[in-house]
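Colleague: Take any residue in the sequence shown, count from 1 to its spot, add 1: that is its number in my numbering. Glycine residues also receive a C-beta, built at the ideal position from the N, C-alpha and C atoms.
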Amino acid sequence: MYWQSVINEIFNQYADDYPFHFTSVYEKHRPESTNDQLEPKEKPVKYTLKEECGWYLTGRELQCIMGFLDGETIKTVAKSLELSPRTVEFYLKRIKDRFGCRTKVELLNVISQFDLKKLRN
Numbered sequence: 002m003y004w005q006s007v008i009n010e011i012f013n014q015y016a017d018d019y020p021f022h023f024t025s026v027y028e029k030h031r032p033e034s035t036n037d038q039l040e041p042k043e044k045p046v047k048y049t050l051k052e053e054c055g056w057y058l059t060g061r062e063l064q065c066i067m068g069f070l071d072g073e074t075i076k077t078v079a080k081s082l083e084l085s086p087r088t089v090e091f092y093l094k095r096i097k098d099r100f101g102c103r104t105k106v107e108l109l110n111v112i113s114q115f116d117l118k119k120l121r122n
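#1: When DSSP labels each residue in this structure, what does T59 get in the three-state scheme?
#2: Could you tell me the alpha carbon to alpha carbon distance between H30 and V46, rounded to whole angstroms?
#3: Give the C-beta separation of L58 and L70 to the nearest angstrom, bearing in mind that I take them to be a contact with Cβ-Cβ under 8 Å.
#4: State buried or exposed for G60, treating a residue as buried only when at least 16 other CB atoms are found within 10 Å of its CB.
#5: In whole angstroms, what is the alpha-carbon distance linking T104 and K97?
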């Protein structure tokens, strides 16, 4: 029924006397919407480090940074958090951009000034 309606729409797209029904077919045959039953998405938790600078970390970024501070590599952080190494690299780049750092070492020097252990708990 659905595909027959689509074919009819294509064959009759230039016919003046053929009404366009594709939208109404979709409305008749689409599954019930579950949007009413979905829970609203929670906002990610932000851990503010220096409010006047806008420095903050998300939960995942904090987990990555804690791994780096413990001497782990991108690969080992990714494995322990069950993430792709590229995702961890993306988090690292985003944090470096936010904090105005060019290298991982520079970022870790800036981050180590803050007491991150109290944020984790």
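Modeller: Answer, in terms of the structure:
#1: strand
#2: Its pLDDT being 49, under 50, H30 is placed unreliably in this model, and the value from its coordinates should be taken loosely. In a straight line, the C-alpha of H30 is about 40 Å away from that of V46.
#3: At roughly 12 Å, the Cβ-Cβ gap does not stay under 8 Å, so L58 and L70 are not in contact.
#4: exposed
#5: 7 Å
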